[in-house]
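Enquirer:
There are 2 protein chains.
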Amino acid sequence: MGSKSDIPIALRAAYLALHRCSDAAFAAQGITADQFVLLATLARGDALTQRELARRMSSDPSTVRAMLVLLERLGLVKREGHPTDARARTVALTAAGKRKFRKLWAAGEPIRSQMFDALNPGEAPLLVQLLNRIATALNEASISVGQPPSFNSHEVEP
Amino acid sequence: MGSKSDIPIALRAAYLALHRCSDAAFAAQGITADQFVLLATLARGDALTQRELARRMSSDPSTVRAMLVLLERLGLVKREGHPTDARARTVALTAAGKRKFRKLWAAGEPIRSQMFDALNPGEAPLLVQLLNRIATALNEASISVGQPPSFNSHEVEP
DNA sequence: CTGAAATCGTGCGTATACGCATGAATGCGA
DNA sequence: TCGCATTCATGCGTATACGCACGATTTCAG
Chain A
0 MGSKSDIPIA
10 LRAAYLALHR
20 CSDAAFAAQG
30 ITADQFVLLA
40 TLARGDALTQ
50 RELARRMSSD
60 PSTVRAMLVL
70 LERLGLVKRE
80 GHPTDARART
90 VALTAAGKRK
100 FRKLWAAGEP
110 IRSQMFDALN
120 PGEAPLLVQL
130 LNRIATALNE
140 ASISVGQPPS
150 FNSHEVEP
Chain B
0 MGSKSDIPIA
10 LRAAYLALHR
20 CSDAAFAAQG
30 ITADQFVLLA
40 TLARGDALTQ
50 RELARRMSSD
60 PSTVRAMLVL
70 LERLGLVKRE
80 GHPTDARART
90 VALTAAGKRK
100 FRKLWAAGEP
110 IRSQMFDALN
120 PGEAPLLVQL
130 LNRIATALNE
140 ASISVGQPPS
150 FNSHEVEP
């Protein structure tokens, strides 16, 4: 066994570590790591359909729906009927959601720095590129079963 | 926003893609991606305590316990009292577990190849190194709350 | 030796991941 | 135009992630 089987292992370990750290960092705000991902994705601009939101956060629509129910109840997001498509609903941050996001963004800064500082100059963009390539390859391999998530580097996480 | 906030996003996307693909690949065997991780970790050698198993697969002990209950019921793992520590139990693959693992390892081969082939020569070991550094940095940042998982590159995943 | 701290597994509660199924709406081809 | 395929959100069931609490056992410091 060598590098080939090391990739999934290292990927899993890194991701779970990130997830754990993020959960802890946002706990004081009563928000989980994944809720932050959702809020951050919405903070990026216009209202999105649930489907588009799920795509942008690389998540399953079913999961996103459950999360939205929860966050809507907390008053951080609002869902409205889509202007032109009766099947869809648009999701956007509320004013409270925007305020909460700003605090969360600051709370996530140490984590982003720890990851960035663990790398040498120039390695961060390289890592991002490699990971995106992996994600693309795996999503394309399963393209016959559904639309791959869109990868938009402007989306944010801790 | 730039590379610094891109890292968590790319990491999440890559991991979830891997997880999804793996789940699909092992579904025919009635095994999930995470169950494969557990079985693969045990396939590496001697019986482990639950705590050590959880560490080696970068998982939470509570989660591992629930998984073991399930896999024990399926007859793929067995848990026994620890020879010297009355608090602990050791976990090992059964013969059926070993047979199942061999099939799963083969089923995961296409996924490992897809990831590997998405990279240029020399990039795989680099990616693994970068990911391990990230994981280490994040785990050390939270070391005050507990023992970090051990990172053993010999452990396997799809 | 003794008491406190640490460790082990267990279980609970909450959150997330995702396949599958469903009904309603939209898009597309004949 | 019409019927079929696709898309959207919803909800269910199963699995996993993890903090927290607990009881039992082991380790450690005085």
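As you go down the protein sequences, you meet chains A and B in turn. If you read the first sequence in numbering that gives the first Met the number 0, its first letter stands for residue 0, the second for the next number, and so on. If you read the second sequence in numbering that gives the first Met the number 0, its first letter stands for residue 0, the second for the next number, and so on. C-beta atoms are modelled at their ideal positions from N, C-alpha and C, and glycine is treated no differently. Since the model is a prediction, treat every value here as computed from it, not as a measurement.
(1) Which residues, in chain order, does the segment 3-24 of chain A contribute to contact with chain B at a C-beta distance below 9 Å?
(2) Is the Cβ of Glu71 of chain B closer than 8 Å to any Cβ of chain A?
(3) Determine the chain B residues that contact Gln113 of chain A at a beta-carbon separation under 8 Å, and present them in chain order.
(4) Would you give the residue range spanned by the alpha helix (DSSP H) that Ser135 of chain A belongs to?
(5) Assuming Val63 of chain A contacts Leu52 of chain A (C-beta within less than 8 Å), just tell me the rounded distance between them.
(6) Taking only beta-carbon positions, decide if Ile30 of chain A is within less than 8 Å of chain B.
(7) From which residue to which residue does the alpha helix (DSSP H) around Gly44 of chain B run?
(8) Indicate the three-state DSSP secondary structure (helix, strand or coil) for Ala85 of chain A in the structure shown.
(9) Sort out for me which residues DSSP pairs Val76 of chain B with in a bridge.
(10) If we cut at 8 Å on Cβ distances, does Ala132 of chain B have a partner in chain A?
(11) Can you find a C-beta in chain A that's less than 8 Å from the C-beta of Glu79 of chain B?
(12) With 16 as the cutoff for other CB atoms within 10 Å, does Ser61 of chain A come out buried or exposed?
(13) With a Cβ-Cβ cutoff of 8 Å, do Ile6 of chain B and Phe115 of chain A count as a contact?
(14) Would you mind stating whether Arg78 of chain A and Arg88 of chain A have Cβ atoms separated by less than 8 Å?
(15) At a Cβ threshold of 8 Å, is Glu122 of chain A touching chain B?
(16) DSSP on Pro147 of chain A, reduced to helix/strand/coil?
(17) Interface residues of chain B around Ser61 of chain A at Cβ under 7 Å?
(18) Does Leu103 of chain B come within less than 8 Å of chain A when only Cβ atoms are used?
(19) Roughly how many angstroms lie between the CA atoms of Asp45 of chain A and Ala91 of chain A, to the nearest whole one?
(20) If we ignore side chains and look at the alpha-carbon of each, how far apart do Thr48 of chain B and Arg98 of chain B end up?
(21) Would Val36 of chain B pass as an interface residue toward chain A - the criterion being a Cβ-Cβ separation below 8 Å?
(22) Using a Cβ-Cβ cut-off of 8 Å, state whether Leu126 of chain B counts as contacting chain A.
(23) In whole angstroms, what is the alpha-carbon distance linking Met66 of chain B and Pro82 of chain A?
(24) List the endpoints of the continuous alpha helix (DSSP H) containing Ala13 of chain B.
(25) Can you have a look at Ser149 of chain A and say buried or exposed, based on whether 16 or more other CB atoms are within 10 angstroms of its CB?
(26) Look at Thr31 of chain B and Met56 of chain B and say whether their C-beta atoms are less than 8 Å apart.
(27) Would you grab the beta carbon distance between Ser141 of chain B and Arg19 of chain A for me? Rounded to a whole angstrom, and I think it's under 8 Å.
(28) Along the alpha helix (DSSP H) that carries Gln49 of chain B, what are the first and last residues, could you check?
(29) Do you know whose CA, among B:Ile110, B:Gly74 and B:Arg54, lies nearest Tyr14 of chain B's CA?
(30) Run through DSSP, which three-state label would Gly107 of chain B get?
Expert: According to the structure data:
(1) Using a CB distance below 9 Å, the part of the segment 3-24 of chain A facing chain B consists of Lys3, Ser4, Asp5, Ile6, Pro7, Ile8, Ala9, Leu10, Arg11, Ala12, Ala13, Tyr14, Leu15, Ala16, Leu17, His18, Arg19, Cys20, Ser21 and Ala23, ordered along the chain.
(2) Output row for Glu71 of chain B: interface = no.
(3) Chain-order list of chain B residues neighbouring Gln113 of chain A: Ala136, Leu137 and Ala140, by C-beta distance under 8 Å.
(4) Note on residue identity: the sequence assigns Thr, not Ser, to residue 135 of chain A. Boundaries of the alpha helix (DSSP H) around Thr135 of chain A: Glu122 to Ala140.
(5) By a beta-carbon distance limit of 8 Å, Val63 of chain A contacts Leu52 of chain A. Their separation comes to about 6 Å.
(6) Answer no: the Cβ-Cβ gap between Ile30 of chain A and chain B never drops below 8 Å.
(7) Secondary structure note for Gly44 of chain B: it is in no alpha helix (DSSP H), with a DSSP letter that is neither H nor E.
(8) Correct three-state label for Ala85 of chain A: coil.
(9) Listed as beta-bridge partners of Val76 of chain B by DSSP are B:Leu92.
(10) It is Arg, not Ala, that sits at residue 132 of chain B in the sequence shown. Cβ-Cβ to chain A under 8 Å: yes for Arg132 of chain B.
(11) Proximity of Glu79 of chain B to chain A, defined by a Cβ-Cβ separation below 8 Å, is not satisfied.
(12) Sixteen is the threshold: since fewer than 16 other Cβ atoms of the shown chains lie within 10 Å of the Cβ of Ser61 of chain A, the residue is exposed.
(13) Yes.
(14) Contact: yes.
(15) Yes - at least one Cβ of chain B is within 8 Å of the one on Glu122 of chain A.
(16) Low per-residue confidence applies at Pro147 of chain A: pLDDT is 39, beneath 50, and the placement is therefore not dependable enough to give any value.
(17) Result: empty, since nearest Cβ-Cβ is about 13 Å, beyond 7 Å.
(18) Against chain A, the CB of Leu103 of chain B has no partner CB under 8 Å away; the residue lies outside that interface.
(19) Each residue's Cα considered, the two are about 7 Å apart.
(20) Their backbone Cα atoms lie some 22 Å apart in a straight line.
(21) For Val36 of chain B, the answer is yes, since a Cβ of chain A falls inside 8 Å of its Cβ.
(22) Using beta-carbon distances, Leu126 of chain B counts as an interface residue toward chain A, with a partner under 8 Å.
(23) If you take the alpha carbons of Met66 of chain B and Pro82 of chain A, they lie about 45 Å apart.
(24) Start and end: Ser2 to Phe25.
(25) Because the pLDDT of Ser149 of chain A is 39, which lies under 50, any placement of that residue in the model is unreliable, and the number read from its coordinates should be weighed accordingly. Around the beta carbon of Ser149 of chain A, fewer than 16 other beta carbons lie within 10 angstroms, which makes this residue exposed.
(26) Taking 8 Å as the Cβ cut-off, Thr31 of chain B and Met56 of chain B do not qualify as a contacting pair.
(27) Rounded, the Cβ-Cβ distance is 7 Å, consistent with contact.
(28) In the DSSP annotation of this structure, the continuous segment of the alpha helix (DSSP H) that includes Gln49 of chain B starts and ends at Gln49 to Arg55.
(29) Answer by Cα proximity: B:Ile110.
(30) Correct three-state label for Gly107 of chain B: helix.
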